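Protein chains in written order, with my numbering: chain A, 1 to 392; chain B, 1 to 392.
Shown next, in C-alpha cells, is the structure this report addresses.
Number of protein chains: 2
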Amino acid sequence: MTIGRGLQAFPRAEYLRRVAAVKAEMARLDIHALVVNNAANVAYLSGYTVSGSWGILPQALVVAIDKEEPTLIVRQSDAPAAIHQTFLERANVIGFREGLVGKQGVDGFDAVIDFLQEAGMANRGLGVEVSYLPPQTTEKFKARLPKAKIIDCTKAVAWIRFIKSDLEISVMREAAAIADAGILRAAEVIRPGVREADAVAEIVATLVRGANGKSGTNIPPIYLCSSPRTGTCHIRWSEDTFRDGSQVNLELGGSRYGYYVGLMRTYSIGAPSDRLRSLHEAEVAGLEAALETVRPGATCSDVANAFYRTSKKMGFNKESRCGYPIGINWTEPTASLQDGDMTELKPNMTFHLMLGNWIDEDFGYVISETFRVTESGAEVLTSAPRRLFEVG
Amino acid sequence: MTIGRGLQAFPRAEYLRRVAAVKAEMARLDIHALVVNNAANVAYLSGYTVSGSWGILPQALVVAIDKEEPTLIVRQSDAPAAIHQTFLERANVIGFREGLVGKQGVDGFDAVIDFLQEAGMANRGLGVEVSYLPPQTTEKFKARLPKAKIIDCTKAVAWIRFIKSDLEISVMREAAAIADAGILRAAEVIRPGVREADAVAEIVATLVRGANGKSGTNIPPIYLCSSPRTGTCHIRWSEDTFRDGSQVNLELGGSRYGYYVGLMRTYSIGAPSDRLRSLHEAEVAGLEAALETVRPGATCSDVANAFYRTSKKMGFNKESRCGYPIGINWTEPTASLQDGDMTELKPNMTFHLMLGNWIDEDFGYVISETFRVTESGAEVLTSAPRRLFEVG
Numbered sequence: 001m002t003i004g005r006g007l008q009a010f011p012r013a014e015y016l017r018r019v020a021a022v023k024a025e026m027a028r029l030d031i032h033a034l035v036v037n038n039a040a041n042v043a044y045l046s047g048y049t050v051s052g053s054w055g056i057l058p059q060a061l062v063v064a065i066d067k068e069e070p071t072l073i074v075r076q077s078d079a080p081a082a083i084h085q086t087f088l089e090r091a092n093v094i095g096f097r098e099g100l101v102g103k104q105g106v107d108g109f110d111a112v113i114d115f116l117q118e119a120g121m122a123n124r125g126l127g128v129e130v131s132y133l134p135p136q137t138t139e140k141f142k143a144r145l146p147k148a149k150i151i152d153c154t155k156a157v158a159w160i161r162f163i164k165s166d167l168e169i170s171v172m173r174e175a176a177a178i179a180d181a182g183i184l185r186a187a188e189v190i191r192p193g194v195r196e197a198d199a200v201a202e203i204v205a206t207l208v209r210g211a212n213g214k215s216g217t218n219i220p221p222i223y224l225c226s227s228p229r230t231g232t233c234h235i236r237w238s239e240d241t242f243r244d245g246s247q248v249n250l251e252l253g254g255s256r257y258g259y260y261v262g263l264m265r266t267y268s269i270g271a272p273s274d275r276l277r278s279l280h281e282a283e284v285a286g287l288e289a290a291l292e293t294v295r296p297g298a299t300c301s302d303v304a305n306a307f308y309r310t311s312k313k314m315g316f317n318k319e320s321r322c323g324y325p326i327g328i329n330w331t332e333p334t335a336s337l338q339d340g341d342m343t344e345l346k347p348n349m350t351f352h353l354m355l356g357n358w359i360d361e362d363f364g365y366v367i368s369e370t371f372r373v374t375e376s377g378a379e380v381l382t383s384a385p386r387r388l389f390e391v392g
Numbered sequence: 001m002t003i004g005r006g007l008q009a010f011p012r013a014e015y016l017r018r019v020a021a022v023k024a025e026m027a028r029l030d031i032h033a034l035v036v037n038n039a040a041n042v043a044y045l046s047g048y049t050v051s052g053s054w055g056i057l058p059q060a061l062v063v064a065i066d067k068e069e070p071t072l073i074v075r076q077s078d079a080p081a082a083i084h085q086t087f088l089e090r091a092n093v094i095g096f097r098e099g100l101v102g103k104q105g106v107d108g109f110d111a112v113i114d115f116l117q118e119a120g121m122a123n124r125g126l127g128v129e130v131s132y133l134p135p136q137t138t139e140k141f142k143a144r145l146p147k148a149k150i151i152d153c154t155k156a157v158a159w160i161r162f163i164k165s166d167l168e169i170s171v172m173r174e175a176a177a178i179a180d181a182g183i184l185r186a187a188e189v190i191r192p193g194v195r196e197a198d199a200v201a202e203i204v205a206t207l208v209r210g211a212n213g214k215s216g217t218n219i220p221p222i223y224l225c226s227s228p229r230t231g232t233c234h235i236r237w238s239e240d241t242f243r244d245g246s247q248v249n250l251e252l253g254g255s256r257y258g259y260y261v262g263l264m265r266t267y268s269i270g271a272p273s274d275r276l277r278s279l280h281e282a283e284v285a286g287l288e289a290a291l292e293t294v295r296p297g298a299t300c301s302d303v304a305n306a307f308y309r310t311s312k313k314m315g316f317n318k319e320s321r322c323g324y325p326i327g328i329n330w331t332e333p334t335a336s337l338q339d340g341d342m343t344e345l346k347p348n349m350t351f352h353l354m355l356g357n358w359i360d361e362d363f364g365y366v367i368s369e370t371f372r373v374t375e376s377g378a379e380v381l382t383s384a385p386r387r388l389f390e391v392g
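What follows is the structure, given as C-alpha cells:
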C-alpha cells in the first residue's frame with residue numbers, strides 16, 4: 001500500500017551539502033524559512049523532477065534553517081512521486097487535499113502557509129522567490145503571515161547552484177554523451193526527400209534512448225531550422241521535406257536527472273556555399289578563442305569578447321550573446337556570456353557556449369559546446385566533431 | 001536577404017476574428033491597449049508558437065483597440081521566425097536589440113514600453129497580464145507609464161479562447177489522431193524485457209511523425225508510470241525494464257500548431273489483477289456517464305459528479321478533479337471539471353476528461369478522452385479503444 005524510494009540521482013550527502021549552502025545564505029539574509037517555488041531550485045534541493053503539476057499548480061519546497069531536511073508540499077496525488085523520487089524522509093513530504101486544485105481564491109499556497117504557521121515559522125524572516133510567483137501569492141503571504149518579514153530571494157538558489165559539484169558534473173557528462181549521440185544521429189537521417197518531422201522523430205528517439213547504457217530522463221528542447229529558415233533560431237521544425245542544397249541548423253540537448261547539456265551543429269545537404277563555409281571557419285576559430293580564454297578569474301565578458309574579436313577579424317559580426325550557464329535550467333538566470341558581464345569564472349561553473357549567429361533574416365549558422373570551468377581552463381563536455389556536416 | 005511567410009495554421013480571417021473578440025472585451029473594460037505575455041495567448045492571437053526565448057525572455061504582443069493587427073515585439077534574433085510564422089504584416093513585427101538580453105535592470109519590456117509611448121498608448125487604459133509577469137515588470141509599467149490606467153487582464157484571453165472555432169476543432173482532430181497513434185504504438189512496444197526509455201523513444205517518435213500524413217508540430221508531454229509507480233501521475237519514465245505482471249499507466253498527447261489533445265490508457269503486461277479489472281470497469285462506466293451528461297447548459301460540476309457517482313456505485317472513489325479545458329495550453333486556466341464548478345458548457349468548448357485515479361501510494365489507473373461540446377452532447381475527438389490493454 002506504500003511506495004518505496006526509487007533510484008536516487010545523488011546520495012543524501014550531496015543534497016544535504018546543497019541545503020547547507022542555502023542555509024548559509026539564509027543566515028546571511030536573516031531568513032528563518034525559505035519558500036522555494038522555482039522548479040529547477042526544487043529539483044536541486046530535493047531531487048524532485050516531476051513536472052506536469054509543477055508550474056501549473058501552486059506547490060513549494062520549504063527550507064527551514066533549523067531543520068535538517070526541507071519539506072516538500074505538493075498536491076495529494078503527486079505525494080507518492082515525491083516520496084519515490086526525493087531524498088526526503090516520508091514525514092517531510094506533505095500532500096495537500098485535492099480540493100485546493102482548480103479553485104478560485106484558495107490554492108496550494110494556503111497549504112504552504114498553514115505549514116509555516118504550524119511549524120512556528122510565521123513570525124520571522126521569510127524568504128520568497130517573488131519573481132516566480134503571481135503577485136497575489138506574495139500578497140497572500142503578507143496577509144496571512146502579517147508578522148513575517150518577507151525577503152525576495154528570487155535568484156538566491158540559482159547563484160548557489162551555478163557552481164556544480166563533481167557529482168553534478170558526472171551527470172552532465174552523461175547528458176553530454178546523449179547530446180553527442182543526437183547530433184551524430186542527425187547526420188545519418190537528414191537526407192533529401194525525408195520529412196523534417198521524420199528526421200526529428202529519429203533524433204528525439206535517440207535523445208530518449210540515451211548513450212552508453214544511460215537513457216535520457218526527459219525530452220530536451222529541440223529546434224531544427226532549415227532553409228529558408230536558417231535565419232531563425234527557435235522554430236521546432238517545419239512540415240517541409242529536406243531538399244538537395246538545403247542547410248539545416250540543429251539545436252538539441254541531452255537530459256539526465258533534470259540536468260541539461262546543450263549542443264548545436266549545422267548540416268549542409270550537398271556542398272555548402274562559400275559564404276557558409278567561411279562563416280563556419282570564423283565561428284570555429286571564435287569558439288576556440290573563447291574556450292582558450294576560459295579560466296578561473298576570467299570574466300564572462302572576456303570569453304564573449306574573445307569570440308567576437310576573432311570572428312570579426314574573419315569577417316563576421318554576431319549581435320547576440322555567446323551563451324549562458326546551463327544545468328537544471330537550460331538557461332540559468334544568473335550570468336551571461338556577453339560583453340560587459342563581469343561575473344568571474346570559477347571552477348565547475350558550466351556554460352552553454354552558444355554561438356548561433358543569425359546574420360540575415362534568411363541566413364544563419366549554429367555551433368555550440370557545453371563546457372565546465374576547470375582549475376586552469378575549460379573542459380568541453382560535449383565531443384561531437386566541430387564540423388559543418390555535409391550530408392546527403 | 002528577407003524571409004517569407006511560411007505555412008499558416010489558420011487563415012488571416014480566423015486570427016482577425018480572435019483579435020476582434022479580444023477588442024470587444026477591451027472595449028468593455030475601457031482598455032486601449034493590451035500587453036499579452038502569456039505564450040498560449042500570443043499563439044492564439046498571432047500564430048507565433050516559437051518557444052525557446054518565450055518564457056525566458058521578456059517579449060510581448062500588443063493589441064491596440066484601434067489597430068487592425070496586433071504588434072509582436074520580440075528579440076531581434078526571433079524576429080525572422082515571427083515574420084515567417086505569424087499572420088502579421090512585417091511592419092507589425094518589431095525586433096528589439098540583443099543588448100536588452102541578459103542584462104540587469106533593462107529588458108525587452110523596456111522595448112514594449114517604448115513602443116507604447118511612441119504609439120500614443122501611454123495615457124489610456126492599459127491591460128496587462130499581471131499574474132504572468134514578475135512584479136517588478138508591472139512596477140516598471142507603472143513607473144514608466146505613469147499616466148496609463150493599468151488593469152489586470154490575466155485571464156481575459158484564456159476565457160475567450162475557451163470556446164474554439166470550427167477551424168480550431170479541425171486542428172485538434174488532427175492532434176487527436178496523433179495521440180491515438182501514440183497509444184496504439186505503446187501497445188506494440190510495451191513488452192517484458194524492454195527498457196522503459198526504449199518504449200518511450202518509440203512512442204515519442206510516433207507523436208512527432210504524426211498520423212494521416214500530418215506530422216506532430218511539437219513534442220507533447222509524456223508520462224509513463226509503471227509498477228511500482230502506478231500510484232504516481234507525473235513521473236516521465238524510469239530507468240527500469242518492463243517485467244511480466246507489470247502495469248503501465250501512460251499519459252501522452254498529440255500536437256498540431258500549438259494545440260494539444262491529451263489521452264491516457266492503462267496497460268497490463270499479462271493478465272490484470274481482479275482489482276485492476278474492477279477499477280477499469282468502474283472508470284469506463286464513469287467516463288461514459290460523464291460524457292452522457294455533456295450538453296450545452298450542463299455545468300462542469302454536473303459532468304464531474306456523473307463520473308464520481310457512477311464510479312462510487314461500482315466501489316471506487318476518486319479524489320482529484322475530472323479534467324480541465326485543453327487547447328493551446330494543456331491545462332487552460334479557466335474552468336475545472338470538478339464538484340462545485342458551475343461553469344456552463346457551451347458548444348465548441350474542449351476538455352481533457354482526465355480520469356486518472358491514484359488510489360493508493362502504489363496503485364492507480366488512468367483513462368481519459370479529449371472531447372468537444374456539441375450543440376446537443378459530446379463529440380469525443382480521440383478514438384483509441386477504451387480498453388485495459390493486455391500486452392506481452
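Virtual Cβ for every residue (Gly too), placed ideally from N, Cα, C.
As the structure is a prediction and not an experimental result, all values here were calculated from the model.
Who are the Cβ neighbours of residue i in its own chain at under 6 Å, not counting the five residues just before and after it?
{"i": "residue 177/A", "result": "211 and 212"}
{"i": "residue 469/B", "result": "It is not possible to answer for residue 469/B, since the shown part of chain B is limited to 1 through 392."}
{"i": "residue 298/A", "result": "345"}
{"i": "residue 26/B", "result": "34 and 65"}
Taking 9 Å as the CB-CB cut-off, is residue i touching chain A?
{"i": "residue 77/B", "result": "yes"}
{"i": "residue 136/B", "result": "yes"}
{"i": "residue 315/B", "result": "no"}
{"i": "residue 233/B", "result": "yes"}
{"i": "residue 84/B", "result": "yes"}
{"i": "residue 217/B", "result": "yes"}
{"i": "residue 35/B", "result": "no"}
{"i": "residue 80/B", "result": "yes"}
{"i": "residue 363/B", "result": "yes"}
{"i": "residue 170/B", "result": "no"}
{"i": "residue 189/B", "result": "no"}
{"i": "residue 17/B", "result": "no"}
Taking 9 Å as the threshold (beta carbon to beta carbon), is residue i in contact with chain B?
{"i": "residue 358/A", "result": "yes"}
{"i": "residue 321/A", "result": "yes"}
{"i": "residue 159/A", "result": "no"}
{"i": "residue 50/A", "result": "yes"}
{"i": "residue 272/A", "result": "no"}
{"i": "residue 247/A", "result": "no"}
{"i": "residue 261/A", "result": "no"}
For residue i, which residues in the same chain have their Cβ closer than 8 Å to its Cβ, ignoring the five residues on either side in sequence?
{"i": "residue 228/B", "result": "362"}
{"i": "residue 22/A", "result": "34, 45, 63, 156, 157 and 160"}
{"i": "residue 29/B", "result": "125, 127, 151, 153 and 156"}
{"i": "residue 272/B", "result": "247, 280, 388 and 390"}
{"i": "residue 330/B", "result": "220, 221, 253, 260, 262 and 352"}
Just confirm the distance between the C-beta atoms of residue i and residue j, as a whole number of angstroms; I'd bet it's less than 8 Å.
{"i": "residue 127/B", "j": "residue 160/B", "result": "No, residue 127/B and residue 160/B are not in contact; Cβ-Cβ is about 13 Å, not under 8 Å."}
{"i": "residue 208/A", "j": "residue 391/B", "result": "In fact, because the Cβ distance is near 20 Å, the residues do not count as touching under 8 Å."}
{"i": "residue 92/A", "j": "residue 69/A", "result": "5 Å"}
{"i": "residue 230/A", "j": "residue 249/A", "result": "5 Å"}
Got a sec? Which residues, its chain only, sit under 7 Å from residue i by beta carbon, not counting five neighbours each side?
{"i": "residue 106/B", "result": "100"}
{"i": "residue 185/B", "result": "202, 203 and 206"}
{"i": "residue 75/B", "result": "53, 57, 59, 95, 96, 98, 101 and 108"}
{"i": "residue 169/B", "result": "348 and 372"}
Report yes or no: is there a C-beta of chain D within less than 9 Å of the C-beta of residue i?
{"i": "residue 209/A", "result": "The question asks about chain D, but that chain is absent: this structure's protein chains are A and B."}
Could you give the uninterrupted runs of the alpha helix (DSSP H) lying entirely in the region 85–160 of chain A, keeping only those of 4 residues or more? For the region 85–160 of chain A, the full-length alpha helix (DSSP H) segments reaching 4 residues or more read 108–118 and 135–144 along the chain.
Stretch pair the region 160–167 of chain A + the region 137–152 of chain A: three plus CB contacts closer than 8 Å: no
Give, in chain order, every unbroken run of the beta strand (DSSP E) that is at least 3 residues long and sits entirely within the region 16–88 of chain B. 33–36, 60–64 and 71–75
Could you give the uninterrupted runs of the alpha helix (DSSP H) lying entirely in the region 244–312 of chain A, keeping only those of 4 residues or more? 274–293
On the three-pair Cβ rule with 8 Å, is the region 354–372 of chain B touching the region 304–323 of chain B? yes
Three or more C-beta pairs below 8 Å linking the region 369–389 of chain A and the region 287–296 of chain A: yes
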